[in-house]
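So in my numbering, spot 28 of the sequence shown is number 83, and the numbers just go up one at a time.
Where is the CB? At the ideal position from N, CA and C, for every residue including glycine.
Note that the structure is a prediction, hence the values are computed from the model and not measured.
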Amino acid sequence: MFTFSPDAIFRVYTTPGTMTHLELEADEGIVEKPALGDTMRWRVAGGPRNLFIKPLTPNLVTSMTVVTDKRTYQLELISGEPGAKRYQKVTFHYPEEEAALTLKEREKSEAADVVAARAKERDLGGTPDPTAYDFAYDIDGDATFRPVAVFNDGKQTYIRLPQVQDRPAVFLYEDKKPSLVNYLEKGDYLVVDRVASNLLLKLGSREVRVSRKTGLFGWGRN
Numbered sequence: 056m057f058t059f060s061p062d063a064i065f066r067v068y069t070t071p072g073t074m075t076h077l078e079l080e081a082d083e084g085i086v087e088k089p090a091l092g093d094t095m096r097w098r099v100a101g102g103p104r105n106l107f108i109k110p111l112t113p114n115l116v117t118s119m120t121v122v123t124d125k126r127t128y129q130l131e132l133i134s135g136e137p138g139a140k141r142y143q144k145v146t147f148h149y150p151e152e153e154a155a156l157t158l159k160e161r162e163k164s165e166a167a168d169v170v171a172a173r174a175k176e177r178d179l180g181g182t183p184d185p186t187a188y189d190f191a192y193d194i195d196g197d198a199t200f201r202p203v204a205v206f207n208d209g210k211q212t213y214i215r216l217p218q219v220q221d222r223p224a225v226f227l228y229e230d231k232k233p234s235l236v237n238y239l240e241k242g243d244y245l246v247v248d249r250v251a252s253n254l255l256l257k258l259g260s261r262e263v264r265v266s267r268k269t270g271l272f273g274w275g276r277n
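Here it is as structure tokens:
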């Protein structure tokens with residue numbers, strides 16, 4: 056798998072008598088015939104998302120440009136002797152797009168949490184006030200129950216969990232050790248009956264830590 060960069064030239068190894076499969080992104084397709092430097096001794100077929108590359112003889116080197124509806128790929132095709140190094144399948148991953156998608160999902164989740172927080176305020180009989188919610192929490196850990204978001208309303212701390220079957224237990228984390236704390240389960244939320252600065256979510260050996268952002272200091276204060 057290659058990491059895509061618009062400035063990179065991707066070197067693809069092939070051998071005669073075999074086919075190398077070049078697969079593009081799921082929602083991507085070529086918009087014109089691939090441009091080959093040597094059209095006599097190389098064969099390229101397929102499309103729009105899947106291309107199949109085959110050299111006719113060994114010891115060849117040529118260039119190929121693939122233009123799609125999303126990006127342009129520059130490749131160097133190399134043909135070796137039978138049994139030499141070759142790629143059966145070539146795929147790519149796209150860090151910039153993955154980062155943009157992660158950011159978009161995070162923004163969507165945060166917006167949903169604001170709506171949920173306002174609804175919870177109404178459930179408690181209060182007047183919706185977006186300034187009353189503090190979302191300034193760091194979440195550390197990659198367990199399946201890692202919270203989608205954490206916030207407080209000045210009275211309680213709300214921990215929104217993803218859709219998981221097993222839920223963790225919640226502990227305060229003070230003086231570098233966990234202690235019991237009262238909390239309720241309400242829908243997708245664990246509601247801690249206080250404004251907590253440091254929490255530990257634990258299920259078996261798996262842990263996630265939640266710390267309230269307080270200037271330059273965070274989890275390490277306790």
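Looking at the DSSP output, PRO110 shares a beta bridge with TRP97. Straight-line measurement puts the Cα of GLU78 at about 13 Å from the Cα of THR58. The three-state reading of DSSP puts LYS231 in coil, since its state is none of H, G, I, E or B.
With three or more CB-CB distances shorter than 8 Å, the segment 249 to 266 counts as touching the segment 210 to 217. Looking at THR127, LEU255 and PRO150, the one whose alpha-carbon comes closest to that of VAL86 is THR127.
For the 8 Å CB-CB criterion, GLU136 and PRO113 form a contact. Closest option to ASP221, judged by alpha-carbon separation, among LYS144, ASN253, THR199 and LYS241: THR199.
ALA204 is bridged by DSSP to ARG215.
The alpha-carbon separation between THR69 and ILE133 amounts to approximately 6 Å.
The residue among LEU115, ALA191, PRO233 and LEU239 with its C-alpha nearest the C-alpha of ALA139 is LEU115.
Taking each of ASP82, GLN218 and GLU262 in turn and checking the Cα distance to PRO233, the smallest one comes out for GLU262. Distance check between LYS231 and each of GLY84, TYR188 and LEU254 places LEU254 closest, using alpha-carbon atoms only.
Approximately 5 Å separates the beta-carbon atoms of GLU83 and LYS125; this is inside 8 Å, confirming the contact.
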